[in-house]
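2 is the number of the first residue of the sequence shown in this note's numbering; add one for each residue after it.
Don't be surprised by glycine CBs; every beta carbon is placed ideally from N, CA and C.
Quick notes on the structure that follows.
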Amino acid sequence: MSSPLYDWFFHEPFHSIFLGCTTSLSLFSNGLLLYIIATTNSSNLGPYRYLLAVFAVCDIVTTMGHAGLQAFCHMTSTGFYFFPRRAGKMNLFGYSLDTALLLIFLATYYQTFIVLAYHFIYRYKTATRCIS
């Protein structure tokens, strides 16, 4: 079987460079967002600051999980299955943490979509309140 056209994306050195750049950019931008939220007057942001902070924290956890686990995704007709790239290598006191860390990664990954939906509802309510 021949390699697909995008096969180069998953091999070294491109994969490590891409992972390092995107992880660094994500940590920097979300850290900057948290810094701005913490240093901005609370009356300017109101309760919106909590929604932004939750989004940034979930994104930081997801980024760290992706960089650490580098999960493989297997798609089937019934759903997606995720497997850690280095199964059995993350141990604490002799117990493997791969499954627990992968579940945390997946929870924060999908939590981002939920928070984003709340973000759009909040923005809609704010925009329509100003119009009427």
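Where Phe81 and Ser44 are concerned, what is the direct C-alpha to C-alpha distance, given to the nearest angstrom? 42 angstroms
Nearest-angstrom Cα separation, counted from Val55 out to Lys126: 19 angstroms
What is the residue span of the alpha helix (DSSP H) that His67 lies within? Tyr49 to Leu70
Is it right to say Gly89 is buried, meaning 16 or more other beta carbons lie within 10 angstroms of its own, or is it exposed? exposed
Answer with buried or exposed for Thr129, where buried requires no fewer than 16 other C-beta atoms within 10 angstroms of its C-beta. exposed
Just how far apart, CA to CA, sit Tyr51 and Ser27? 19 angstroms
Would you report the Cα separation of Ser17 and Thr109, rounded to the nearest angstrom? 23 angstroms
Considering only their Cβ atoms, is the gap separating Leu70 from Leu20 smaller than 9 angstroms? no
Over what stretch of residues does the beta strand (DSSP E) that includes His75 continue unbroken? Phe73 to Thr77
Whole angstroms are fine: how far does the CA of His67 sit from the CA of Pro85? 9 angstroms
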